[in-house]
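Step one of this worksheet: look at the structure below.
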Amino acid sequence: MPDEIVHWIGETHPRTIVDGTYGGGGHTHLLLDVLPKAECSSQQEHGGVSGLSPLIIGMDRDPAVIARDDVAGGPGSDPRIELFLGSYEKSPAALEHCGRSHADGFVLDLGLSSDQLADRARGFSFTLEEAELDLRFDPESDIPAYEWLAYHSERQIADAIYQFGEERYSRRIAKMIILRAKDRSPVRTVGDLVEICRRCVPRGKNHDIHPATRTFQALRIAVNDELGILQRTLMSAADWIAPGGRVAAISFHSLEDRIVKNAFRDDERWTILTKKPLRPTEQETRDNPRSRSAKLRVAERKPDSIVNAAP
Ligand SMILES: C[S@@+](CC[C@H](N)C(=O)[O-])C[C@H]1O[C@@H](n2cnc3c(N)ncnc32)[C@H](O)[C@@H]1O
1025 MPDEIVHWIG ETHPRTIVDG TYGGGGHTHL LLDVLPKAEC SSQQEHGGVS
1075 GLSPLIIGMD RDPAVIARDD VAGGPGSDPR IELFLGSYEK SPAALEHCGR
1125 SHADGFVLDL GLSSDQLADR ARGFSFTLEE AELDLRFDPE SDIPAYEWLA
1175 YHSERQIADA IYQFGEERYS RRIAKMIILR AKDRSPVRTV GDLVEICRRC
1225 VPRGKNHDIH PATRTFQALR IAVNDELGIL QRTLMSAADW IAPGGRVAAI
1275 SFHSLEDRIV KNAFRDDERW TILTKKPLRP TEQETRDNPR SRSAKLRVAE
1325 RKPDSIVNAA P
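Going letter by letter, the sequence shown gives residues 1025 to 1335 in my numbering.
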């Protein structure tokens, strides 16, 4: 939903934007159009014509994403872009590093990029069955999914698959994962887990979703602490988004969407600008079938005086 992102963020004439999920850089590069042009060096030395120089901070947890674009002459070399390797939870530190106390816009486009899905080494796609079941956004931190399975009990695995994947057959799946480990052939590859899901999850009438879809989503969320990071970030975002600044968040499943919706509703510093989440157009879902479950919510930080006004 790139046009909507540009519209909602651009409307406030931002000078500092954080793109918390840089990915292929699509949003960052479109948002350059709503930033003032880069100032010449003498203007920059004096803090620009109207204060701070225009800036988009692009953050991603995936080292391959940042290494690809953060090279001289590469897509990240526009003087208005600063790329940071790390979770968007660290946005306040990235802002501080760039000499800013606040952002005027914050964009989240949650989930996976198509590059990550196609990468054989990551295990995100259950069509690449020989790949190791890794599922980390940052392969240099924490533990891969196959180790996560080895460190957790049957109960913990079943709970995660149920809670984060809303998979009805979570107990059966967890039981078979543990049985394989006891047989000295623990789940190691994508194919190992896909086979278990095929055996445990009956095919729906319309065969509309692959039997492994919910389980893979659940493990990816658990391994990357995706919901915890989203919740903590949105709970504190009004501390570092300027009054009048906006957050635009695109989520891809109901668990993420609920966190976004509740975070905006429960903090009186936000005005919700999208009463119902915005959905992609038919044309967009035809061009990019993965966008069909996307939901965009936008909120604006109230001016401080409104929050503090006496009842
Ligand atoms: C759907 S893609 C973003 C696509 C991007 N908006 C574009 O236009 O190309 C999501 C990206 O978010 C990254 N990501 C996931 N969780 C993250 C986190 N907590 N912090 C920073 N990046 C994260 C992933 O590595 C992936 O590159």
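Think of the CB as a built atom: it goes at the ideal place given N, C-alpha and C, for glycine as much as any other residue.
Computed from a predicted structure; not experimentally measured.
- In the three-state scheme derived from DSSP, where H, G and I count as helix and E and B as strand, S1317 is classed as helix.
- Boundaries of the beta strand (DSSP E) harbouring L1132: 1127-1133, taken from the DSSP string.
- S1101 carries a coil assignment under DSSP once its states are collapsed to helix, strand and coil.
- The segment 1211-1225 makes no contact with the segment 1126-1134, as fewer than three CB pairs between them are under 8 angstroms.
- By a beta-carbon distance limit of 8 angstroms, L1251 contacts I1283. Their separation comes to about 6 angstroms.
- Shortest gap from the CB of Q1140 to any heavy atom of ligand 1: under 7 angstroms.
- Runs of the beta strand (DSSP E) lying entirely within the segment 1217-1267, each at least 3 residues long, are absent.
- In the displayed model, M1025 falls within coil according to three-state DSSP, outside both helix and strand.
- The beta carbon of D1263 sits no closer than 7 angstroms to any heavy atom of ligand 1.
- By DSSP's assignment, A1323 forms a beta bridge with V1271, I1296.
- Between the alpha carbons of I1265 and S1137 lies a gap of roughly 26 angstroms.
- Residue pairing by DSSP places M1083 opposite F1108 in a beta bridge.
- The straight-line gap separating the alpha-carbon atoms of I1296 and E1153 is approximately 43 angstroms.
- Judged by DSSP secondary structure, T1040 falls within the beta strand (DSSP E) whose first and last residues are 1040-1043.
- Collapsing the DSSP output to three states places T1213 in a strand.
- R1039 and G1048 have their C-alpha atoms some 22 angstroms from each other.
- Across the structure, E1028 and R1204 are spaced so that their CA atoms are roughly 47 angstroms apart.
- From the listed residues D1086, V1095, G1075, G1100, the smallest Cα separation to L1055 is found for G1100.
- Annotated as proximal: A1198 and A1182, with beta-carbon spacing under 8 angstroms.
- Distance from the CA of S1278 to the CA of A1318, rounded to the nearest whole angstrom, comes to 10 angstroms.
- Per DSSP, the continuous alpha helix (DSSP H) segment holding G1050 begins and ends at 1050-1055.
- Measuring C-alpha to C-alpha distances from G1044 to each of K1061, S1111, D1093 identifies S1111 as the nearest.
- The nearest non-hydrogen atom of ligand 1 is 7 angstroms or more from the C-beta of M1259.
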